[in-house]
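Respectively, the protein sequence lines represent chains A and B.
37 is the number of the first residue of the first sequence in our numbering; add one for each residue after it.
37 is the number of the first residue of the second sequence in our numbering; add one for each residue after it.
Here a beta-carbon is modelled for each residue, glycine too, at the ideal position from N, C-alpha and C.
Protein chains: 2
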Amino acid sequence: MPTEQETTTLASRLEDLLHGDDVSEAVELLASIHPADQADLYIHLDPEARVALLALLSSDGLAQLLGHLDEDLRQEMVDGMPRAALAPVLDRAESDIAVDILRLLPPAEAARVLSNMSTAPQITPLLGHADESAGGLMTRGYVALHKEMTVAQAMTFLRLSRPLAEEAYYLYVLDADNRLQGVVNLRQLIVSNPQTRIEDVMTADVIAVTAGTDQEEVARLLQHYRLRALPVTDENRVLSGIITADDVIDVITEEATEDMYRLAGLDVEASVLSPVKRSLRRRVPWLVVNLMTAFISALTVSAFESTISQVALLAAFMPVIAGHGGNTGTQVSTLVVRGIALGEVTSRDAARIVGKEVAFGLVHGVIVGSLTAVLALILSGNLWLAGVVFGAMIGNVMVAGIFGAIIPLGLRAIKMDPALASAIWLTTFTDVVGFLMLLGAGALLVSKLA
Amino acid sequence: MPTEQETTTLASRLEDLLHGDDVSEAVELLASIHPADQADLYIHLDPEARVALLALLSSDGLAQLLGHLDEDLRQEMVDGMPRAALAPVLDRAESDIAVDILRLLPPAEAARVLSNMSTAPQITPLLGHADESAGGLMTRGYVALHKEMTVAQAMTFLRLSRPLAEEAYYLYVLDADNRLQGVVNLRQLIVSNPQTRIEDVMTADVIAVTAGTDQEEVARLLQHYRLRALPVTDENRVLSGIITADDVIDVITEEATEDMYRLAGLDVEASVLSPVKRSLRRRVPWLVVNLMTAFISALTVSAFESTISQVALLAAFMPVIAGHGGNTGTQVSTLVVRGIALGEVTSRDAARIVGKEVAFGLVHGVIVGSLTAVLALILSGNLWLAGVVFGAMIGNVMVAGIFGAIIPLGLRAIKMDPALASAIWLTTFTDVVGFLMLLGAGALLVSKLA
């Protein structure tokens, strides 16, 4: 994998060649670069060079390049290509990628492109599935054998049909109604007696999903059973496609990013590299919502204005108690959100987790409450103040732990994304509870503290 | 994949069978369960039933079960087995798993087990590699062909050597000195003329790594080039093993968890389900460190005690300004940490990112500063206070954005984990800066505010 530095150097060399007259040198250079790296180069080229590059690639080359570009660049590349050129390219692409690209077009144009594609019969049924479902991930590129074939017939069939390498890892065995009966791999064929029937060689228990299965579930199955591909069937177990491990790697990466961003109150599409304007549009709305929740904290504190003016030192402990509650809650909700994503935590564990957080909070609260009380005693010499700080800290840490667990588990129970239990909401909550405990106790005992 | 409910039901049924007399029924039940699901069941069994289950499984069955257990359970399972029984089990396991398990034993015991293993010559060289490197991930289970073989000879060789299905996806082509020359797949063999030499069929440009390559880099390569396996060579390009896509799925999941936990200031081994005592040991040290950093905030605020007692309303804006800075900084550092992990952000982007965050911070700061100033005006009717709040908000948001980007990029530049830029440190920093700006300006203008 070339470094960022090498990519930039190569990009400017390629750009020079593409702007120049010597096309053959550019073609030669391109041929020496893996499509995945071509995609990285493409990002760095100026618009004119991009168009020139597309003109130099074969349909095969374009299909492979498309497979490695992200959605924004695919859109741009497709927009820059004559529509008539698109059909042969999509014929060469893996079918899940062809479908993704047809989805980028207005329906009428997609239909026109599709009508010129020789693979249309395989592609059309895929268009009906949601992007984030098994149906949206699957490809039609699989090899199916009939269970009554002999091993020798199967080998002849493979020799004639010349499947792509990626498609031939598992060979799926169907009955006369195209229902999935089993799976064999090439190695089983090679080592078996040529006259054996396929159904006597195959493994009969095949793990399969239906097209509506969520992509997270697909990823979990593949990971759980350590599979390299997963067949997709309809409700009658008729085989409709397969999902390969490399597509699932992308899903796992995407889902982890999504959870991380949600926990930080970020839009899933946010990126630190996107232009300022787009960043403002994507990040500011959430931040303003967050500000509004912080106003609740401000109003809570302002209700205790007279207490604070009498015992100003209380203000010094506001960030300690609120902040520590916030961090405790964030830790618990991060653990729960990730545990749910990894399939380790289910709603049945709720009681156990909350019980555990209560015990944890008591011990933890006494430790941090005592330390904070000592600081209060040093700063004020007032035992009452130390007591108020101690109590508020234990209380807030307990509440933070319990709600840090309950909120994502509750969201999960009502079928919402647990990661929406973002730090922003939880922190406001622990702020308000912390302030109420600290300043409320302070107000009650103000005569002892002042 | 059975639900949690089904697993519990099945576990108690299996437990009953294992405690009873009818062993054959337990064996039959076990045989119908996938090893991945057996591993889930194992977690739910009582210690006695676990021992009984291990006694019922063949070496093959034990090897497969071990492959699906996590490290804690592997340790327990290995501890519960007679050492003499271990060698044949590890002989059956995939070599990367055998190595992981040998690493769990004291060196002298590992050597004794190894001396009884028939696969010792393949396993011993793997023991020298770090767990999180390509060498620690790789398996010796690959198929190597000589470049001078004909296709027909290669097929005969495969028929006789009967490789495992997982091993036969890519076939690596070596020269007389075992140096990696190319790769072919079974499908290429099947469709080629039997008399062709392998070197004329193979793909010559093979992407490979050395044993010392970090597992994150391995994952990135596999994902970037969409490979199903990656060969590992020494510095002379002699093939030493391969890494398969399913092992990389685990690495990607692990690394994402690690980043998420570090961002929340959590120990990588923490889990919401672990016993209270272990949780206390793993989470409390970090939380106490966090508390100490919060004490810096408390001392900052206490320095302004007299200002606060004169203008108590300033305390109401402390959580707004500090909290909003904290959230802004957390968002930016989450984006940068994830961008680095995905290979989208490098240190060369630093200047661009910081420049962008300055522009973002100005616009964002003016928006949220104005909103907060309006609240200040409503609560106090004092324009000076509104001005102080406005200025402190802009300043803190800018600082938070810049440092939220610089800290992870800087950690990366000095080869440390960018995710150590956890919310805990950043939040303390934004707290202190926010308080200094708000209360400092308040102290200077106290006569206008009171």
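(request) Return the residue from the list B/M434, B/V324 and B/Q346 that minimises the CA-CA distance to B/S483. (result) Here residue 483 of chain B is taken as the residue at index 447 of the second sequence, counted from 1. Of B/M434, B/V324 and B/Q346, the residue nearest in Cα terms is B/Q346.
(message) Tell me which residues of the segment 135–153 of chain A have at least one Cβ-Cβ distance to chain B shorter than 8 Å, keeping chain order.
(response) none
(request) For the beta strand (DSSP E) holding A/Q217, just list the boundary residues, first then last. (result) For the purposes of this step, residue 217 of chain A is taken as residue 181 along the first sequence, with counting starting at 1. Looking at the DSSP string, the run of the beta strand (DSSP E) that includes A/Q217 is L216 to N221.
(message) Measuring only the C-alpha atoms, how far is B/A244 from B/P267?
(response) Against the second sequence, residue 244 of chain B aligns to sequence position 208. Against the second sequence, residue 267 of chain B aligns to sequence position 231. Their backbone Cα atoms lie some 5 Å apart in a straight line.
(message) I'd like to know if B/K392 contacts chain A, where contact means its C-beta is closer than 8 Å to some C-beta of that chain.
(response) Counting from 1 along the second sequence, the entry for residue 392 of chain B is found at position 356. At least one chain A Cβ lies under 8 Å of B/K392.
(request) Work out the CA separation of A/V410 and A/A422 for me, nearest whole Å. (result) On the first sequence, residue 422 of chain A is found 386 positions in, with the first residue counted as 1. On the first sequence, residue 410 of chain A is found 374 positions in, with the first residue counted as 1. If you take the alpha carbons of A/A422 and A/V410, they lie about 7 Å apart.
(message) Pairs of beta-carbons, one from the segment 294–311 of chain B and one from the segment 184–191 of chain B, closer than 8 Å: are there three or more?
(response) no
(request) Could you work out which residues of chain B lie near A/G375, taking near to mean beta carbons separated by less than 9 Å? (result) Counting from one through the first sequence, the residue named residue 375 of chain A turns up at place 339. Result: S307, V308 and L309.
(message) At the 8 Å Cβ level, is B/A247 part of the contact set with chain A, yes or no?
(response) Within the second sequence, the letter at position 211 stands for residue 247 of chain B. By this cut-off, B/A247 is not an interface position.
(message) I need the straight-line Cα distance from A/V320 to A/V220, nearest angstrom please.
(response) Here residue 320 of chain A corresponds to residue number 284 of the first sequence, with the count starting at 1. Here residue 220 of chain A corresponds to residue number 184 of the first sequence, with the count starting at 1. In a straight line, the C-alpha of A/V320 is about 53 Å away from that of A/V220.
(message) Which runs of the beta strand (DSSP E) at least 3 residues long sit entirely within the segment 267–320 of chain B? Give them in chain order.
(response) 275–280
(request) Please go through the same chain and pick out, in chain order, the residues whose beta-carbon is closer than 7 Å to the beta-carbon of A/F465, but skip the five residues on each side of it. (result) To locate residue 465 of chain A, count along the first sequence from 1; it is residue 429. Excluding residues within five positions, the ones whose Cβ falls inside 7 Å are F439.
(request) For A/R86, go through chain C and note every residue whose CB falls closer than 8 Å to its CB, in chain order. (result) No chain C appears in the structure shown, which is made up of the protein chains A and B.
(request) Find the nearest neighbour of A/R86 within the set A/A300, A/E51 and A/M153, judged by alpha-carbon distance. (result) Within the first sequence, the letter at position 50 stands for residue 86 of chain A. With distances taken between Cα atoms, A/R86 lies closest to A/E51.
(message) Closer than 8 Å is the cut-off here; do at least three beta carbon pairs connect the segment 323–333 of chain A with the segment 346–360 of chain B?
(response) yes
(request) Mind checking the segment 424–449 of chain B against chain A and listing, in chain order, the residues whose C-beta falls within less than 8 Å of any C-beta there? (result) A441
(request) Mind checking which residues open and close the beta strand (DSSP E) that includes B/L210? (result) Translated into positions along the second sequence, residue 210 of chain B becomes position 174. Y206 to L210 is the span of the beta strand (DSSP E), which, as asked, contains B/L210.
(message) Please report the straight-line C-alpha distance between A/T364 and A/T336, rounded to a whole angstrom.
(response) Counting from one through the first sequence, the residue named residue 364 of chain A turns up at place 328. Counting from one through the first sequence, the residue named residue 336 of chain A turns up at place 300. Going from the Cα of A/T364 to the Cα of A/T336 covers about 21 Å.
(request) Determine which residues of the segment 72–100 of chain B have a Cβ less than 7 Å from any Cβ of chain A, and write them out in chain order. (result) A72
(request) Please check the pair A/L474 and A/F331, which I expect to be a contact at CB under 8 Å, by giving their CB distance rounded to whole angstroms. (result) Sequence index remark: in the first sequence, residue 474 of chain A carries index 438 (1-based). Sequence index remark: in the first sequence, residue 331 of chain A carries index 295 (1-based). Not a contact, Cβ separation roughly 19 Å.
(message) So, for A/A99: in the same chain, excluding its five sequence neighbours on each side, which residues have a beta-carbon less than 6 Å away from its beta-carbon?
(response) Here residue 99 of chain A is taken as the residue at index 63 of the first sequence, counted from 1. Closer than 6 Å at Cβ, skipping near neighbours: V125, R128 and A129.
(message) Rounded to the nearest angstrom, what separates B/L222 and B/R256 at their Cα positions?
(response) Your numbering for residue 222 of chain B matches position 186 in the second sequence. Your numbering for residue 256 of chain B matches position 220 in the second sequence. Distance between the alpha carbons of B/L222 and B/R256: 26 Å.
(request) Flag this pair as yes or no: are the beta carbons of A/L54 and A/L89 separated by less than 8 Å? (result) Walking along the first sequence from the start, residue 54 of chain A turns up at place 18. Walking along the first sequence from the start, residue 89 of chain A turns up at place 53. A contact, by the Cβ cut-off of 8 Å.
(request) Indicate whether at least one CB of chain A lies closer than 8 Å to the CB of B/Y208. (result) Residue 208 of chain B sits at position 172 when you count from the first residue of the second sequence. Not an interface residue.
(message) Please state whether the Cβ-Cβ distance between A/A281 and B/A281 is less than 8 Å.
(response) By one-based count along the first sequence, residue 281 of chain A stands at place 245. By one-based count along the second sequence, residue 281 of chain B stands at place 245. Against a cut-off of 8 Å, the Cβ pair of B/A281 and A/A281 comes out as a contact.
(message) Residues of chain B with CB closer than 8 Å to the CB of A/P355, please, in chain order.
(response) Taking the first sequence and counting its residues from 1, the one referred to as residue 355 of chain A is at position 319. Within 8 Å Cβ-Cβ: A330, S333, A334, V337, M354, P355, A358, D467 and F471.
(message) For the ligand NAD, I want to know if A/A351 counts as a neighbour, meaning its beta carbon is within less than 7 Å of at least one of the ligand's heavy atoms.
(response) The model depicted lacks the ligand NAD and carries no ligand whatsoever.
(request) Would you kindly check if the distance between the Cβ of B/G171 and the Cβ of B/L162 is under 8 Å? (result) Working through the second sequence from its first residue, we reach residue 162 of chain B at position 126. Working through the second sequence from its first residue, we reach residue 171 of chain B at position 135. Yes, the pair counts as a contact, with Cβ atoms nearer than the cut-off.
(message) Whole angstroms are fine: how far does the CA of A/G301 sit from the CA of B/V404?
(response) In the second sequence, counting from the first residue as 1, residue 404 of chain B sits at position 368. In the first sequence, counting from the first residue as 1, residue 301 of chain A sits at position 265. Taking the straight line from one Cα to the other gives about 16 Å.
(message) What residue range does the beta strand (DSSP E) around B/V180 cover?
(response) Counted from its first residue, the second sequence places residue 180 of chain B at position 144. The amino acid at residue 180 of chain B is misidentified as Val; the sequence shows Ala. Counting along the chain, the beta strand (DSSP E) containing B/A180 begins and ends at V179 to H182.
(request) Assign A/M454 to buried or exposed, taking buried as 16 or more other Cβ atoms, counted over all protein chains shown, within 10 Å of its Cβ. (result) The residue given as residue 454 of chain A occupies position 418 in the first sequence. According to the sequence as given, residue 454 of chain A is Pro; it is not Met. By the neighbour-count rule (16 or more Cβ atoms within 10 Å), A/P454 is buried.
(message) I need the straight-line Cα distance from B/R273 to B/V209, nearest angstrom please.
(response) On the second sequence, residue 273 of chain B is found 237 positions in, with the first residue counted as 1. On the second sequence, residue 209 of chain B is found 173 positions in, with the first residue counted as 1. For B/R273 and B/V209, the distance between alpha carbons rounds to 12 Å.
(request) Given a cut-off of 8 Å, decide if B/N432 and B/G470 are closer than it, judged by their beta-carbon atoms. (result) If you number the second sequence from 1, residue 470 of chain B lands on position 434. If you number the second sequence from 1, residue 432 of chain B lands on position 396. Cβ distance < 8 Å, so B/G470 and B/N432 count as in contact.
(request) Can you tell me which of the three DSSP states B/V381 falls into? (result) Locating residue 381 of chain B in the second sequence gives position 345, counting from the first residue. Coil, per DSSP.
(message) Quick check on this structure: which residue in B/E235, B/L77 and B/Q231 has the alpha carbon closest to the alpha carbon of B/Q217?
(response) In the second sequence, counting from the first residue as 1, residue 217 of chain B sits at position 181. It is B/E235.
(request) Quickly, what does DSSP pair A/S169 with across the bridge? List them, please. (result) The residue given as residue 169 of chain A occupies position 133 in the first sequence. Answer is A/D250, bridged to A/S169.
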